[in-house]
């Protein structure tokens, strides 16, 4: 769905800016979640 929205937004500057903001926010959420998960210790861990 994100790819489809990106393709559609190529012809619409307002939608394009919204997509850039959305993707930036999504990247920050992923980074934050990764940092939070790295602080947890798990009983079983794949190495």
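Residue numbers (the numbering used here): 157 to 203.
Note that beta-carbon positions come from the ideal geometry of N, C-alpha and C, so glycine has one too.
Open item on the list: Helix, strand or coil, according to DSSP, for residue 177 in the structure here?
Closed with: The residue labelled residue 177 in the question sits at position 21 within the chain shown. In this structure, residue 177 counts as helix in the three-state DSSP scheme.
Open item on the list: Looking only at its chain, what residues have a beta carbon closer than 7 Å to the beta carbon of residue 195, apart from the 5 residues adjacent to it on each side?
Closed with: Counted from its first residue, the chain shown places residue 195 at position 39. Excluding positions up to five away in sequence, the list is empty.
TODO: Flag this pair as yes or no: are the beta carbons of residue 162 and residue 175 separated by less than 8 Å?
DONE: Translated into positions along the chain shown, residue 162 becomes position 6. Translated into positions along the chain shown, residue 175 becomes position 19. For residue 162 and residue 175, yes; Cβs fall inside 8 Å.
Task: Extent of the continuous alpha helix (DSSP H) to which residue 165 belongs - done: Walking along the chain shown from the start, residue 165 turns up at place 9. Per DSSP, the unbroken alpha helix (DSSP H) holding residue 165 starts and ends at 158-165.
Task: Simplified DSSP assignment, three categories, for residue 186 - done: Along the chain shown, one-based indexing puts residue 186 at 30. Looking at residue 186 - three-state DSSP - the assignment turns out to be helix.
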